[in-house]
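Numbering (the working numbering), first residue to last: 511 to 680.
Where a beta carbon is used, it is the ideal one built from N, C-alpha and C, also for glycine.
Predicted, not measured: the structure shown is a model, and the values here were computed from it.
Input: a single structure, listed below in structure tokens.
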């Protein structure tokens, strides 16, 4: 490839369904390490996410608004292709557990084979976010118990709570 990719530009991809405090943590820490961070909201036509791609895009844009060097975009296809389209040479990944390390290692080897010019940088989740997962968040929101707002506040940004709960009221 003759194109120049920027080593000071990282791309953090995921489904972000819903965006969590763990995601926000990785994004803000990445924004402190790199000149520019692009958050890529993956669109997988084979999956049925809780939030539409437009909703996830808007929620993430609100969450990262205070970070001047962060942009949010949607993409379809391979993450490494999106990283290259952004002109970045770094894929930023967050890891919570040993299970994440195993799956991320396999994914990184595949990505390196597809795009040897793109490096993967891992950030370990901050301790308070190691148990945060979208399936846990959806389970809490779906139960709709009294106090679920307070419980959700431990896992998702405040701006995500009401849209999340409204999905389960519909």
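Query - Simplified DSSP assignment, three categories, for residue 670 - result: Taken through DSSP and simplified to helix, strand or coil, residue 670 comes out as helix.
Requested in this report: Might you give, ordered along the chain, the residues of its own chain that have their beta carbon closer than 8 Å to the beta carbon of residue 527, omitting 5 neighbours on each side?
Outcome: Cβ contact annotation for residue 527 (same chain, cutoff 8 Å, sequence separation greater than five): 559, 560, 561, 566, 644, in chain order.
Requested in this report: Can you give me the Cβ contacts of residue 557 inside the same chain, cut-off strictly under 8 Å, excluding the 5 residues immediately before and after it?
Outcome: Non-local C-beta neighbours of residue 557 in its own chain, meaning closer than 8 Å and more than five positions away in sequence, comprise 525, ordered along the chain.
**Report entry** Between the CA atoms of residue 531 and residue 512 - distance to the nearest angstrom
**Finding:** Residue placement at residue 512 cannot be trusted, given a pLDDT of 42 that sits under 50; what the coordinates show is reported in the next sentence. The straight-line gap from Cα to Cα measures roughly 38 Å.
Query raised in the report: Taking C-alpha atoms, which residue in 594, 570, 600 lies nearest to residue 583?
Result: Among 594, 570, 600, the Cα nearest to that of residue 583 is on 570.
Query raised in the report: Exposed or buried, residue 601, counting other C-beta atoms within 10 Å across all chains shown (16 or more means buried)?
Result: Within a 10 Å sphere around the beta-carbon of residue 601 sit 16 or more other beta-carbons, which makes this residue buried.
Query raised in the report: Any idea if residue 662 is buried or exposed, counting beta-carbon neighbours within 10 angstroms, 16 or more meaning buried?
Result: So residue 662 counts as buried.
**Report entry** Sub-8 Å separation of residue 653 and residue 632 beta-carbons
**Finding:** No. Outside cutoff.
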